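Working notes, beginning with the structure itself.
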Amino acid sequence: QVHLEESGGGLVQAGTTLRLSCEAFGRTFSSYSVAWFRQDGGKERELIAALGSSGRTTFLADSVKGRFTISVDSAKNTLYLQMNNLGPEDTAVYYCARGTSWNDPVNWGQGTQVTVSL
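Residues 140 to 257 (the numbering used here) are what the sequence shown spells out, left to right.
Right, dumping it as C-alpha cells:
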C-alpha cells in the first residue's frame with residue numbers, strides 16, 4: 140500500500156513562485172506514471188502535469204505550459220511541481236497521483252490548497 144503526502148501549498152501573491160512536494164510512503168514512484176491535478180471549488184478535477192513511467196514523456200496543460208515543471212527525485216521518493224509566475228487562476232486544491240497511466244491514476248494524495256491573491 141502506498142501513501143502520498145503533499146506539502147508546500149499556501150497563500151501567495153500573484154507573480155510569485157511555489158514548489159509543491161509529494162512524498163511517497165510504502166512504495167516508490169519507480170515504474171509508475173505520476174501526475175498533478177487541481178480542482179477549484181465545484182469545477183472538475185483537471186490534469187495539469189504528468190510524467191510517464193520512463194521519465195521521458197511529459198504532459199503539461201496549456202494553462203500551465205511555460206510556468207510549471209514536474210519532476211521526480213527518486214532518491215527522496217518525492218514528486219515535485221515547480222510553479223512560477225502564479226496567478227489567481229491557479230487557485231485550487233492540488234493533488235498528486237500515481238498509476239500505470241497518468242489518465243487513470245490509482246493512488247492519490249490528500250491535496251494541498253494553493254491560493255493566489257492579486
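Cβ coordinates follow ideal geometry from the N, Cα and C atoms, glycine included. Keep in mind it's a predicted model, so treat the numbers as computed, not measured.
Measuring only the C-alpha atoms, how far is residue i from residue j?
| i | j | result |
| --- | --- | --- |
| L225 | V255 | 7 Å |
| R166 | Q249 | 16 Å |
| L220 | G181 | 23 Å |
| M222 | T208 | 7 Å |
| Q178 | A153 | 19 Å |
| G205 | P244 | 24 Å |
Can you tell me whether residue i is helix, strand or coil according to DSSP?
| i | result |
| --- | --- |
| V141 | coil |
| L257 | coil |
| T156 | coil |
| G147 | coil |
For residue i, which residues in the same chain have their Cβ closer than 7 Å to its Cβ, ignoring the five residues on either side in sequence?
| i | result |
| --- | --- |
| N246 | V141, L143, A236, R237 and G238 |
| G147 | L157, R158, L159, S160 and T251 |
| T155 | L225 |
| E162 | E144, N216 and T217 |
| V151 | L157, L225 and V255 |
| S240 | S172 |
Ignore the nearest five residues each way along the sequence and tell me which others in residue i's own chain have a CB closer than 8 Å to its CB.
| i | result |
| --- | --- |
| F168 | V211, S213, N216, L218 and R237 |
Can you give me the Cβ contacts of residue i inside the same chain, cut-off strictly under 6 Å, excluding the 5 residues immediately before and after it?
| i | result |
| --- | --- |
| T197 | L190 |
| V203 | I187 |
| V232 | Q178, G250 and Q252 |
Pick out the complete alpha helix (DSSP H) segments inside the region 164-249, 4 residues or longer, and give them in chain order.
DSSP assignment within the region 164-249 yields no whole alpha helix (DSSP H) run of 4 residues or more.
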